[in-house]
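Below: one structure, written as structure tokens.
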Amino acid sequence: MLQIQLPNEASPIYIRPVPLISMQHNALRNEIGTFGSEYTVTFVGTLIDNRGSPTSIGNTPLTFETADEKEDIVDKDSAHTIFEKQAALRDIFSTDGIKFSITDAEDGATPDTVFYGKLQSLDFEEGIYINTCRYTAVFTVTNLEDDAGIFFESDTMGGSTEADQSDNTSFSNRQILSAAQQRAEYGGLVENFTDQWSFEVNEDQGVTSDSDPNKIESSRSYIITRNMTAQGRTYFETSGGQTKKFPAWKEAKEFLIKSIIGETGDSPENYPDRALTNFFAVGSLNISEDYGGYNHVRTESIDKTGGSVTITDTWLLSKGVAATESYNMSINSDTGSPFVSVNINGTIQGLSSLSAKSEAYGGNEAAENNGNPIATAFQNAQQKYYKVTNRGRFGINSFVYKRAQSVVEPTLNPQPLDISIAQNKFTGELTYSLTFDNRPRNIISEAVSESISVNDTYPGDLYALIPVIGRPTGPILQYIGGRTEYKRDITIELLFDYTDIDYRTNGTRSELLLSKPTINEPIRSQINKLVQELSPLTEPLIRKCFLNPPQESWSPREGRYSLSLSWVYELAPDKDGTGIANADTNPLPGQDNNNQQGFFSSLFNAFPLSPEAFTGPQ
């Protein structure tokens, strides 16, 4: 008998007379495994005007009827009755989620075969519709199962992979399982799926070396694309008189996520899977295990009406580093300046190893994967910038300086003349523009800029101005004999990075005062040496030297420092009485060039500055 259970109906419907049933089996499979079966089930039956089920009054649940049971109809109403039964049959067969059970011809028999059919066509043959009407109903059936919901073996999903193939799926050997068990095993029921990989050379991105500042790595980067499409199977399940529908598109999505992508497929350290990558690329691109996948992007397309889902993954496959860099250099010089300048304009694009499903992708806050922090693209770009610029301090060992120096012969100043940096924390991009030139290096190493001036005043005539009332030519100038003194004034002006003043000392004084350059090394020693070189004590035949009150200024919040010193001094006459001689040939008693430096050995030993530290012979 053919028993029909409509969704959410307590009692079954029986088709009488029982139609002839034919089944066409179509196995669903690809090169990886099987996905069950699809059936075309055809009913060829007859409607009788005064007998059978459904009745002429429509979709009325009936029990088995005996052959003698008849409906009371008037002969002239035979055609009308046939039409009513046609309408009832269309209503029954067109119901979504209809359950068919084929049983023995006895009341209460356990169904031998159960299936859920989707009506494809229902045809009533031509005729006068007197007494009978033949019909043909064609259904698409996704699977056959027994009364306990266990699929037939031919309808069970599963398969095996090659022993030497390393894949990323959980598609295992086939077992005879229920729909719920298969769903738990594979995620969802599907008719088929595709898993396509493509590798494309990325000509736009190379890698700068982390060991050689002038080297551009020849290794290429690649764009990997993975397209996964699954065609789901709509499934109905009846339990406790309630019918539940599992849409095809949901089955397809769950299948892709669990069986194709894999339960760990979204983990950054596993994607793209190195073994799988080698399997697909070996012999063609020869991608080594030094490559890793970055910038994972996932797109998902759902076709609810067609019951299919497509997931596309893309990665940038890069070798060894989490950031790419490109730069260009230009050399500039003109007759109006004695300096040669080199401009470097660079772009650093950070790469991210975060999976596409990560909520935190951009910005400067690291995300976590299983409790482990993973840098964002911007953080990786920033680390690359720190690498090539010596954490923004530059200097002779920085990569950018070595790049600039490699294209010109004059020795460049290791501190850039101009610095411009732009960053996009959301896209992970950092750009920089630097200018190096061959201006003299700073004497004070920690200074951003420095200015040193020396002013010498030499002896002049001594004279008197005598005003004369009414004298048209002005006052009388009277030479009174003698000469003025020697004078030297020096001014040192320094600018420091006030945002990074790290020369602190422990003590009770405020940090602002203790940050003064002249009490912190190495600036203290450098200024000491500079003052020694500029002082008049280096002059030959110095007899007497006096220091005027020194002036020192420190603005911690601006990073500005200045030191002003002024001396007056006297030279001893040489053997000729001219006062101009070499100290090596006519030194003062007890004095030579070697011990003159000792006058400054105690420079800045005390605070405040001691005038004796700047004075020579008295």
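Each position in the sequence shown, counted from 1, maps to that position plus 305 in the working numbering.
The beta carbon of each residue, even a glycine, is placed where N, CA and C say it ideally should be.
Check, Outcome
"Host alpha helix (DSSP H) of F444 (start-end)", "Unbroken run through F444 is the beta strand (DSSP E), T437 to V446; no alpha helix (DSSP H)."
"Per-residue DSSP class, three states only, for T461", "coil"
"Inter-stretch contact (C-beta, 8 Å, three-pair minimum) for the segment 443–458 and the segment 412–427", "yes"
"Pair within 8 Å by beta-carbon distance, S869 and T796", "yes"
"Continuous alpha helix (DSSP H) stretch holding A384: start and end", "S383 to F398"
"Distance between I724 and P845 (C-alpha atoms, nearest Å)", "44 Å"
"Residue closest to F456, alpha-carbon to alpha-carbon, out of S342, G546, P552 and Q391", "S342"
"Residue ranges of each alpha helix (DSSP H) within the segment 692–726, 4 or longer", "704–710"
"Sequence-distant residues of its chain with Cβ nearer than 6 Å to S758 (five each side left out)", "T796"
"C-alpha gap between K404 and I353, whole angstroms", "24 Å"
"Same chain, Cβ closer than 8 Å to I309, five either side skipped, listed in chain order", "P317, I318, Y319, I320, I397, I403, K404, F405 and S406"
"Bridge partner(s) assigned by DSSP for Y768", "Y784"
"When P878, G492, R439 and N436 are compared against M462, the one with the closest alpha-carbon", "G492"
"S503 in three-state terms, based on DSSP", "strand"
"Option nearest S358 by Cα separation, candidates T740, P719, P322 and G350", "P322"
"Boundaries (first-last residue) of the alpha helix (DSSP H) holding N833", "I828 to L839"
"Residue from T778, A535 and C438 whose Cα sits closest to the Cα of L333", "A535"
"Endpoints, alpha helix (DSSP H) assigned at F560", "A553 to F560"
"Selected residue, minimal CA-CA separation from R848, among L876, R862, S840 and T617", "L876"
"Closest residue to F741 among Q487, E734, Q831 and F704 (Cα-Cα distance)", "F704"
"Best match in P861, I616 and L622 for proximity to T499 [C-alpha to C-alpha]", "I616"
"Assumed close pair I785, Y768 - CB separation to whole angstroms, cut-off 8 Å", "6 Å"
"Inter-residue spacing [alpha-carbon to alpha-carbon] between V713 and E508", "29 Å"
"Inter-residue spacing [alpha-carbon to alpha-carbon] between K707 and T530", "38 Å"
"Of the residues S361, L835, G598 and I566, the one placed nearest I387, counting alpha carbons only", "S361"
"Helix, strand or coil at A484 according to DSSP, with G and I counted as helix", "helix"
"Buried versus exposed call for S471 [16 or more other C-beta atoms within 10 Å across all chains shown]", "Residue confidence is low: S471 scores 44 on pLDDT, short of 50, so the model does not pin down where it sits. Its coordinate-derived value is still stated next. Under this definition S471 is an exposed residue."
"For V614 and E247, the rounded distance between their alpha carbons", "The question about residue 247 has no answer here: the residues shown for the chain are numbered 306 through 923."
"Burial state of L621 (16 or more Cβ within 10 Å)", "buried"
"Top-ranked residue by Cα proximity to V443, from I636, E790, V346 and A627", "V346"
"Proximity test, D451 beta-carbon vs the ligand MN heavy atom, cut-off 7 Å", "Of the ligands one can find in the structure shown there are none, so the ligand MN has no counterpart to examine."
"Proximity of D761 and R793 at Cβ, strictly below 8 Å", "yes"
"Backbone CA spacing between V446 and I607 [nearest angstrom]", "23 Å"
"N-terminal and C-terminal residue of the beta strand (DSSP E) that L799 is part of", "Y791 to L800"
"CB contact flag (L722, S638, <8 Å)", "no"
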